[in-house]
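Shown next, in structure tokens, is the structure this report addresses.
There are 2 protein chains.
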Amino acid sequence: MHSSLRNHIERVVDLSDQEFGYLLAHFEYADFGKGDLIFQKGEQVVRAYYIVSGLVKLIYHDENVNEHIVSFAMEDWWESDFNAFFNRSTANYTLKCLEATKAYYISIEGYEKICKEIPKIQPFWFQKAIGGFASSQRRILSLLTNSPKVKYEQFLKDYPTLSQRVSKTQIAAYLGVSRETLSRIYS
Amino acid sequence: MHSSLRNHIERVVDLSDQEFGYLLAHFEYADFGKGDLIFQKGEQVVRAYYIVSGLVKLIYHDENVNEHIVSFAMEDWWESDFNAFFNRSTANYTLKCLEATKAYYISIEGYEKICKEIPKIQPFWFQKAIGGFASSQRRILSLLTNSPKVKYEQFLKDYPTLSQRVSKTQIAAYLGVSRETLSRIYS
DNA sequence: GTTGGGTGGTGATTTGGATCACAATATGTC
DNA sequence: GACATATTGTGATCCAAATCACCACCCAAC
């Protein structure tokens, strides 16, 4: 259980048992059912989630209530409306479970406390942020550049496990392609 | 000259004269002409640039040598192939000047040294990273969601000054819309 | 069982935007 | 000044993908 989170962090920075214990004390653990909303657009308190098991999607609803997928996240990934989280503002996105999901979560206060008390963890967060930024840029380029077919192939290549757990409908929404077009690509 | 960089950083963290002096010693200053390539795809040493004046674009060339615009950057913005920079890998993108540009730049070694010697600067970098990530997500949503017209309107709203300095052709490439379509939007 | 929501394949039709083509200004530079 | 080069507008044509419309599943809930 914890070991998942600990291993995850220790891929970047080493922690003593004591340090990890202190860190863990700032997290809480939650269990969500399939279809649950972890947080919704407009909510005040946004937390950052480390997913132990399960699968979630971060979505944006436009004024026509169409749903757009900002990102997926599964085991060993972090997810949140990070803009809202770090700026203590209200959520712009909604986080919904596609599968039953177990996760650790932390508040912004907890996060800041940890950074202050265990400063050596800061590079860990920074690396996550850079990774997220880089993969967003990759996705932007894919959206700008690629045909639906290539977008889909790249998705399969980049996220082989994810692509087997998410419905084609969801993948289509993520790629910005209609469900029908996606279906016709590989048939 | 320096004051620009100093003000920029001090919007997030306060620095003593001594600290800023130490920091500045790790930067170099460069002057580029219009059309110059600051770095190119495939290059080994990638630096991070703080732009004092001028305007640049970060571009990606696909296999058909079509040019796609990852981002623009102007005064008071940072730019680099940050993935290459932080991972010490070769550039995936090319950075080209759209105007004559003056910039401070730093190597990854310099960056790491500063972080170590003046740890209180770390939140500054982190905030930049989060900001970049959030705006990338916004752009992804815009690409997924909006019509060319709305994309353009949002661009004008988000980057009023930038939109007056960049040619329509460049804006069209940034938005993922053809030059002709963009032209027809507002005529 | 049966009802119903989610999923996925596929045909027919429509359309928004790409592409092609050309003209008219700028802008630059030798 | 004159010649090349970017920039923008605009018409005509084309096509890839969206949309609309059905049907066939698969499962989960009652």
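Which chain is which? The protein sequence lines are A and B, in order.
Just so you know, my numbering puts 556 at position 144 of the first sequence, and the rest follows in order with no gaps.
Just so you know, my numbering puts 448 at position 36 of the second sequence, and the rest follows in order with no gaps.
Every residue gets a Cβ at the ideal spot worked out from N, C-alpha and C, and that includes glycine.
- Using a Cβ-Cβ cut-off of 8 angstroms, I552(A) is close to V482, S548, R551, I552, L555 of chain B, given in chain order.
- The beta carbon of K514(A) sits closer than 8 angstroms to the beta carbons of Y441, A442, D443, F444, I463, V464, S465, G466 from its chain, once the five residues preceding and following it are set aside; these are given in chain order.
- Within the same chain, and ignoring the five residues on either side of K532(A) in sequence, the residues whose Cβ sits closer than 8 angstroms to its Cβ are V425.
- For S501(A), the closest alpha carbon among the candidates S599(A), N419(A), Q456(A) is that of Q456(A).
- E565(B): member of the alpha helix (DSSP H) spanning 560-570, first to last residue.
- Contact between the stretch 547-563 of chain A and the stretch 475-495 of chain B is present, with at least three C-beta pairs closer than 8 angstroms.
- Within the stretch 521-550 of chain A, the residues whose Cβ lies closer than 7 angstroms to some Cβ of chain B are P531, Q534, W537, F538, A541, I542, G544, F545, A546, S548, Q549, listed in chain order.
- Residue environment: Y564(B) is assigned as buried (16 or more neighbouring CB atoms within 10 Å of its CB, all protein chains considered).
- Boundaries of the beta strand (DSSP E) harbouring L470(B): 467-473, taken from the DSSP string.
- Judged by beta-carbon spacing, C527(A) lies beyond the 8 angstroms limit of I450(A), meaning their Cβ atoms are not closer than that value.
- With at least 16 other beta carbons inside 10 angstroms of its own, V468(A) counts as buried.
- Judged by DSSP secondary structure, A585(B) falls outside any beta strand (DSSP E) and instead within the alpha helix (DSSP H) spanning 580-587.
- Runs of the beta strand (DSSP E) lying entirely within the stretch 495-578 of chain A and spanning at least 3 residues, in chain order: 506-509, 513-518.
- Along the length of the stretch 415-456 of chain A, whole beta strand (DSSP E) runs at least 3 residues long occupy 440-444, 449-451, reported in chain order.
- For E479(B), the three-state secondary structure derived from DSSP is strand.
- Excluding sequence positions up to five before and after T593(B), its CB lies within less than 8 angstroms of the CB of P560, A584, all in the same chain and listed in chain order.
- Linking S575(A) to I552(B) through their CA atoms gives a straight-line distance of about 19 angstroms.
- Per DSSP, reduced to three states, the secondary structure at E592(A) is helical.
- Around Y505(B), the same chain offers K453, L470, I471, Y472, V482, D493 as residues with beta carbons nearer than 7 angstroms, after the five sequence neighbours per side are excluded.
- Per the coordinates, the alpha-carbon of F497(B) lies some 41 angstroms from the alpha-carbon of S599(A).
- By the 16-neighbour rule on beta-carbons within 10 angstroms, K540(B) is buried.
- Look at G454(A): its C-beta is not under 8 angstroms from any C-beta on chain B.
- If you compare the alpha carbons of E511(A), D488(A), V458(A), E487(A) with that of V578(A), the shortest gap goes to E511(A).
- Cβ proximity to chain A below 7 angstroms picks out Y472, D474, H480, V482 from the stretch 458-483 of chain B.
- Taking 8 angstroms as the threshold, the shortest C-beta distance from G445(B) to chain A does not fall below it.
- Within chain A, the residues placing a beta-carbon under 9 angstroms from that of F494(B) are I542, F545, A546, Q549, ordered along the chain.
- The secondary-structure analysis by DSSP pairs W489(B) with nothing; it has no beta-bridge partner.
- Within the same chain, and ignoring the five residues on either side of T581(B) in sequence, the residues whose Cβ sits closer than 6 angstroms to its Cβ are R591.
- Looking at the DSSP output, I463(A) shares a beta bridge with A515(A).
- In this structure V477(A) is exposed. Its beta-carbon is surrounded by fewer than 16 other beta-carbon atoms within 10 angstroms.
- Here P535(A) has V424, V425 as same chain residues with Cβ atoms under 7 angstroms from its own Cβ, once five neighbours each way along the sequence are excluded.
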